[in-house]
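Here the structure comes first, spelled out in structure tokens, and everything after it is commentary.
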Ligand code: NAP
């Protein structure tokens, strides 16, 4: 079983003991960072005594020198002396850097020894990782730890491949990537058989870049339920940290009791990401900015609409074959249809529709509505983009400064005007609301845009970007799992996240 290990970075021994005591039962062990303890050397010795004698969990004693990314402020002999002291007081594991092994008296202690290697710049090629592993074994490691900086999601894939190669051997392995790109290695450690994965006490107390908190590991990614059979999904994006998709899909998997996890993949190069992660056993992806178009040529099959729109947001992977979909289109259309059913003056087929914006969202709606509404018009700040999209979808284009000449039955905003933080901006003049068109705003942050607020005040039927967003996630879930999505739970998660803004 892969343990969840929380790094304790308190500056005082008593606080460290309290922090260890406060952790939930799912946390199997703690790494106490002796190099974070403060005070003169004798005060630090007392802290170590206090921690080792009173810890309610097995501990790893780590005393990282500055050259290995740590904070140790005294001499090398004192650093080693403190580790030996922790070992003599019963610390179950002692972390010794590969570069320090020759100075460390392995035979003097009973504790298990973790021989660790850190690379704060790169994740080396697999052959080099194997060489480091062999060097750690040669020094007498009971457990080998390799932590390297990931600069792309593909680096994480290589580290997981390394882990898979060595995990079933007698010597335990800890293999992880640092940085946001390395998050998959931390969460998937149990799937690939790592000895442990690290987490921090809180966001403010990370001991390494990209480290998640124990709360995120347990309650967002359900770390303690991950095993070798867990299916892996995620969002391929850059940036990815703001994405709500991990919260939505992990909640859905948990609600439906599926053995699956959903991760943030910070992807710089879609081709190398696909080529390295799919062979590891990836089951599906959400795809968002800036990869919706770049992913297209990497698919084995695309449905007709996705090919036409020229952008995908969903990948289903079956037996290594990649199927691309665009759930944005069908999700937006079902939101629009149910708004029309709420009592719009005309049905969709006979309505005149104005789409404002000709970016990704505008394209999805224009292709989705092409040929199935009374009249389709596209307006955009950059008129040429509106003209190009209009020509491709049989619509007409109009300039933003002539919008008030039109009285469409339906107005759809697909620009980012009014989006957080510029929430007081309006994409169309307020006067256009007087004739009470149906108004659909693609923006979901804020939950209610100024456009929607003013539209409601004017008596218009409205549809929100929140409903679109939740709907496309529901459709993704159903494509991947062939099961009915827990729509209410998913919508609740999005709403909660957005309300916290
Ligand atoms: P995009 O491809 O970057 O397109 C942005 C659009 O907004 C373009 O038409 C752009 O016009 C226009 N725009 C930007 N700033 C403007 C300004 N100051 N004045 C007038 N027009 C401006 O982005 P996208 O992917 O289409 O997303 C657009 C919005 O839709 C975002 O708020 C996004 O969150 C939302 N969205 C929501 C969902 C959902 O599920 N609810 C799905 C997709 C998108 P130019 O062509 O002139 O630059």
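In the working numbering, the protein residues as written are 494 to 994.
Glycine included, C-beta positions come from ideal geometry on N, C-alpha and C.
Values in this document were obtained by computation on a predicted structure and should not be read as measured data.
- A distance filter of 6 angstroms between CB atoms and the heavy atoms of the ligand NAP selects the following residues in sequence order: 821, 850, 851, 852, 853, 854, 855, 873, 874, 875, 878, 907, 908, 909, 910, 912, 935, 936, 937, 958, 961, 962, 965.
- Only residues of its own chain outside the window of five on either side were considered, and among them 502 have a CB closer than 6 angstroms to the CB of residue 698, listed in chain order.
- The alpha carbon of residue 874 has as its nearest neighbour, out of 790, 961, 855, the alpha carbon of 855.
- Leaving aside the five residues that flank residue 696 on each side, the residues in its chain whose CB is nearer than 8 angstroms to its CB run, in chain order, 706.
- Comparing alpha-carbon positions, the option among 751, 959, 560, 571 lying closest to residue 970 turns out to be 751.
- For residue 891, the three-state secondary structure derived from DSSP is strand.
- For residue 961, the CB contacts under 6 angstroms within the same chain, skipping 5 residues up- and downstream, are 824, 825, 828 in chain order.
- Residue 545 carries a helical assignment under DSSP once its states are collapsed to helix, strand and coil.
- Here residue 693 is not near residue 526, since their CB atoms are 8 angstroms or more apart.
- Here the alpha carbon of residue 794 sits roughly 24 angstroms from the alpha carbon of residue 753.
- The beta carbons of residue 519 and residue 711 sit about 5 angstroms from each other, so the pair counts as a contact at 8 angstroms.
- Residue 804 holds the alpha-carbon nearest to the alpha-carbon of residue 792 among 804, 783, 782.
- According to DSSP, residue pairing for residue 611 in a beta bridge involves 640.
- By the CB criterion at 8 angstroms, residue 683 and residue 719 fall inside the cutoff.
- Counting only residues of its own chain and dropping the five nearest sequence neighbours on each side, residue 984 has a CB closer than 6 angstroms to the CB of 963.
- In the three-state scheme derived from DSSP, where H, G and I count as helix and E and B as strand, residue 788 is classed as coil.
- Apart from the 5 residues on each side of it in sequence, residue 611 sits with its Cβ closer than 7 angstroms to the Cβ of 561, 562, 640 in its chain, given in chain order.
- The DSSP-derived three-state label of residue 602 is coil.
- For residue 669, the beta-bridge partners assigned by DSSP are 640.
- The Cβ atoms of residue 528 and residue 557 sit closer than 8 angstroms to each other.
- By DSSP's assignment, residue 868 forms a beta bridge with 845.
- Just so you know, the alpha carbons of residue 908 and residue 591 end up roughly 54 angstroms apart.
- Boundaries around residue 693 are those of the beta strand (DSSP E), 689-693, since no alpha helix (DSSP H) includes it.
- Distance from the CA of residue 883 to the CA of residue 868, rounded to the nearest whole angstrom, comes to 11 angstroms.
- Every unbroken stretch of the beta strand (DSSP E) spanning 3 or more residues and falling wholly within the segment 679-767 is given here in chain order: 689-693, 724-730, 753-759.
- Taking C-beta atoms as the reference points, residue 892 and residue 872 count as a pair closer than 8 angstroms.
- Looking at the backbone, the Cα of residue 957 and that of residue 852 are separated by about 18 angstroms.
- DSSP, reduced to helix, strand and coil, places residue 586 within a strand of the structure shown.
- When DSSP reads this structure, residue 809 sits in a beta bridge with 777, 816.
- Every beta strand (DSSP E) stretch that sits fully inside the segment 522-574 and reaches 3 residues is listed by chain position as 552-555.
- The shortest C-alpha to C-alpha distance from residue 899 to any of 928, 664, 655, 589 is the one to 928.
- Going by C-alpha positions, residue 554 is about 12 angstroms away from residue 542.
- Taking 8 angstroms as the cut-off, the beta carbon of residue 965 is found closer than this to the beta carbon of residue 820.
- According to the DSSP secondary-structure assignment, residue 497 is paired through a beta bridge with 520, 690.
- DSSP, read as helix, strand or coil, puts residue 917 in coil.
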